[in-house]
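*Asks:* Listed in order, the protein sequences are those of chains X and A.
Residue numbering for the first sequence follows my numbering, beginning at 112 and increasing consecutively.
Residue numbering for the second sequence follows my numbering, beginning at 507 and increasing consecutively.
Here a beta-carbon is modelled for each residue, glycine too, at the ideal position from N, C-alpha and C.
Remember, predicted model here, so these are calculated numbers, not experimental data.
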Amino acid sequence: LNQLLQYEQLLAEKIQQSPVPDMADAIWANIELELDKDLPDDPGNEPPSSSPGGGGAPGTSFYFYIVTSVVITALVLTFVWMQGNNKPAQPSVVPPARETPTNRTPVIDSSSAPVVGNKRPIVPVISPRIDSGNTSTRGTIINSAFTDSLLNQPIGRIETDSVTIKDNAGLGAPVTLAIDSAMKQKETLLKKPKGVRGITDDDYKIRAEKKDSTRKG
Amino acid sequence: VILEQELADNIVLCRNGNRKAQEQLYRQLYGFAMAMAIRYSRDELDAGDIMSHAFVKVFRSIQSYDPAKGSFHAWLKRIIINEALDHIKQRSRFSSEELEKAEEPYVDNSAIEKMDAAGLMLQIKQLPPATHAVFVLYVVDGYTHQQIAGQLQISEGTSKWHLSEARKILQQKLSNYKK
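Rendered as C-alpha cells:
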C-alpha cells in the first residue's frame, strides 16, 4: 500500500465523494452511435418500428414518406422539363424551292469579257455541242458528282458513245459537261452511220422494170 | 445482491449484443465510471469523451471479460483509466527527469478540510497533465510507482519525480488558500 501523507488521505477521501455531472443521456447517444456503426445490418439491434414503413424513431417513417415523395416529384418534373427542352424545333412549313434552270451547256458569258472603251466587245456564245461528225473515237465522260436535273439524284459513271468532247472554244482542256438524263437519252438515241460511205439509200432503190419477154409474147 | 444479479444478467445479454441490456449496464455503472473519468480529465467534456470511448470498448470486448479473474467493476476501472491515460498522453509528454525518492512536503490538513471536493479537484486539475495523472493514480486510485511506470511506459524514478512535483505545487497552492 502506498504511504500517503496525512493530507493526501484526506484529499483522496474528499475527491472520491465528489458528485458526478449528469451527462448520462448525451454520452449514451454517442455510445449508441458508435455501436450502430458496428452492426448496421443486424436486424436484432433495430428498435421496434413505429409503423410498417420501417424502423427508426416514431415519426421517422412519416418524414421518410414525405421526403421520398418530394424527391420523386422533383425528379419527374425535371424529366418532363428536360424532355420539353430537348424536343427538336418544329420544322417550319417552307414551300420547296424551285430549281432554277441551269445551263445545260457551258456558256462563255460575254459579260466577263474585258470592257474596251464604253462598249463591251461582242463575244460569241459558244456552246460546245457534240459533233458526231468530228467525234469518231470512242471515249468516256467522267463525272462523279454531277446530278440528274430531273431526279436530283447523283449519277455515277456515264459512258457515252460520243467519246471525248474537246473544247471547241480552244481552252485547251477537255470540258466536263453536266448532262442531264434527257440529253443523255437523246444522245444515246443517235444512230451510228450505217452502210458504206458514198452509197446512199437511193442507190438501193428498187425499180420495177418492164419485161420484154412479156411484150414479145 | 439484486443489483449484482441484475449486473450479471445484463453482462450475459450484452454478450449477445442486446442494445437494451447495454444501455441498462451503462446506466447502472455510470456514476462509478464517471467519477473516475472526471478525476483524470480537464473538464466535463473531456470526461464525456473518455466515458463514451471506454464504454464502446467495454461493449466491443465484453466477450473477453472473465468473472473468474476479477469483478466487473475492476475490469471497467482498468478500461476507464487506460482510456483516460491515452487522452493525457495525446496532449502532454512525460518528463524524463527522475528521482530516487519522492519529496514529502508538509501541508496543513486544515486547508484541505476547509475546501470542498470540487475546490480540491480544481487545484489538482491545474497541475501539468502528466503530473496530474501520476498524482491521481498514486494518491486517489492507489497505484504503486511500479504500476504507474508500467502503465505510462516511464521509469519509476520519473513517476516519483512527478509525484514530488505535484506535492510541491499543491503545498504552495493550499498554503496560499489558507492565507
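Output, in chain order, the set of chain X residues within a Cβ distance shorter than 7 Å of A/L626.
*Replies:* Those are L122, K125 and I126, listed as they occur along chain X.
*Asks:* What in chain X is Cβ-close to A/E550, meaning under 7 Å?
*Replies:* Result: P132 and M134.
*Asks:* Note down, in chain order, each residue of its chain lying with its Cβ closer than 6 Å to the Cβ of A/A527, except the 5 sequence neighbours on either side.
*Replies:* Result list for A/A527: N516, L519 and C520, in chain order.
*Asks:* Buried or exposed for A/V613, going by 16 or more other Cβ atoms inside 10 Å?
*Replies:* A/V613 is buried by the Cβ-count criterion.
*Asks:* Spell out whether any CB of chain X is found under 8 Å from the CB atom of A/S558.
*Replies:* Closer than 8 Å: yes.
*Asks:* Throw me the rounded Cβ distance for the A/I586 and A/M542 pair, which I believe falls under 8 Å.
*Replies:* Right, their Cβ atoms sit about 5 Å apart.
*Asks:* Leaving out five residues before and five after A/Q534 in sequence, what residues of the same chain have Cβ atoms less than 8 Å from its Cβ?
*Replies:* Excluding positions up to five away in sequence, the list reads L509, E512, L513 and N516.
*Asks:* So what's X/T115 in DSSP terms, helix, strand or just coil?
*Replies:* This sequence places Leu at residue 115 of chain X; Thr is not what is there. Reduced to three states, the DSSP call for X/L115 is coil.
*Asks:* Could you pull out every residue in the same chain whose Cβ sits closer than 7 Å to the Cβ of A/K620, ignoring the five residues on either side in sequence?
*Replies:* Contacts found: none.
*Asks:* Closer than 8 Å, CB to CB, is A/E589 near chain X or not?
*Replies:* Closer than 8 Å: no.
*Asks:* What number of angstroms, rounded off, separates the C-alpha of A/Y644 from the C-alpha of A/E529?
*Replies:* Taking the straight line joining both Cα atoms gives about 32 Å.
*Asks:* Checking contacts by CB at 8 Å: is X/E119 closer than that to chain A?
*Replies:* Judged by the 8 Å Cβ criterion, X/E119 is in contact with chain A.
*Asks:* For the region 627-642 of chain A against the region 668-675 of chain A, do three or more pairs of beta-carbon atoms, one drawn from each stretch, fall closer than 8 Å, so that the two count as touching?
*Replies:* At 8 Å Cβ cutoff, the stretches touch.
*Asks:* Less than 8 Å between CB atoms is the rule here; does X/L188 satisfy it with respect to chain A?
*Replies:* Judged by the 8 Å Cβ criterion, X/L188 is not in contact with chain A.
*Asks:* Please say whether A/I556 and A/A580 have beta carbons closer to each other than 8 Å?
*Replies:* Against a cut-off of 8 Å, the Cβ pair of A/I556 and A/A580 comes out as no contact.
*Asks:* Using 10 angstroms around the beta-carbon of A/P635, count the other beta-carbons present and answer buried if the total reaches 16, otherwise exposed.
*Replies:* By the neighbour-count rule (16 or more Cβ atoms within 10 Å), A/P635 is buried.
*Asks:* Quick one: using the 10 Å Cβ neighbour count with 16 as the cut-off for buried, is A/F578 buried or exposed?
*Replies:* Per the 10 Å Cβ criterion, buried.
*Asks:* Determine whether the Cβ of A/F561 lies closer than 8 Å to any Cβ atom of chain D.
*Replies:* Reference to chain D is not applicable here, since the protein chains of this structure are X and A.
*Asks:* Express the C-alpha separation of A/K583 and X/I177 in angstroms, rounding to a whole number.
*Replies:* The straight-line gap from Cα to Cα measures roughly 47 Å.
*Asks:* Can you tell which of A/I654, A/G663 and A/V564 has the C-alpha that lies nearest to the C-alpha of A/E606?
*Replies:* Here the closest residue by C-alpha is A/G663.
*Asks:* Quick one: what does DSSP say A/S661 is sitting in, helix, strand or coil?
*Replies:* A/S661 falls in the coil class under three-state DSSP.
*Asks:* Rounded to whole angstroms, what's the CA-CA distance from X/D149 to A/S598? Just pull it up for me.
*Replies:* The straight-line gap from Cα to Cα measures roughly 31 Å.
*Asks:* On the CB-based measure, 16 or more other CB atoms within 10 Å of its CB, does A/Q596 come out buried or exposed?
*Replies:* Flag for A/Q596 reads exposed.
*Asks:* State the DSSP-derived secondary structure class of A/R597, mapped to helix, strand or coil.
*Replies:* Correct three-state label for A/R597: helix.
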